[in-house]
Structures are given as C-alpha cells and as structure tokens.
Amino acid sequence: IANALLNRLELIARGCPKIQIMVRDDNDVVLGMYERLGYEHSDALSLGKRLIEDEEY
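My numbering puts the first residue of the sequence shown at 52, with every later residue one more than the last.
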C-alpha cells in the first residue's frame, strides 16, 4: 500500500522539482523502501525545536 501511495503522490506532484522526505536513521524498513523507490540519501541536515515537552501533551 505504501509503494502504491507514493507512486500516486509522485504522479500528482509532477512539475515539482524535488520531494524531500524525513525518516529516522534507525528506521531501516522504511529507509529500504524509499531506497528501492529511487530515493537517495542527502547531505542536508534537519533541524527541529521542541516547543511543548512530551509530558505536556
């Protein structure tokens, strides 16, 4: 299902020059799926800032 969904989204996004996906580095299953679909590792870093601590949810 994930592969079919991604393929469909890529068709919809034609004209968009790039798709950037964030995956945790320890999520080997998902990383493998994206690699099989032609996605490559990027040298870009992702920065984030937690605004609400987990226990406040």
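We put the beta carbon where it would ideally sit given N, CA and C, even for glycine.
(Q) Between the alpha carbons of residue 64 and residue 89, how many angstroms are there, rounded? (A) Whole-angstrom Cα-Cα distance: 16 Å.
Q) Looking only at its own chain, which residues have a Cβ that is under 8 Å from the Cβ of residue 72, when we skip the five neighbours before and after it? A) Leaving aside the five residues that flank residue 72 on each side, the residues in its chain whose CB is nearer than 8 Å to its CB run, in chain order, 85 and 90.
Q | Neighbourhood of residue 83 by C-beta, 7 Å cutoff - its chain only, sequence neighbours within 5 removed | A | There are no such residues.
Q: Could you pull out every residue in the same chain whose Cβ sits closer than 7 Å to the Cβ of residue 74, ignoring the five residues on either side in sequence?
A: The answer, listed in chain order, is 81, 82 and 85.
Q) Where does residue 111 sit, in a helix, a strand or coil, going by DSSP? A) Because the chain in this structure spans residues 52 to 108, residue 111 falls outside the shown range and cannot be described.
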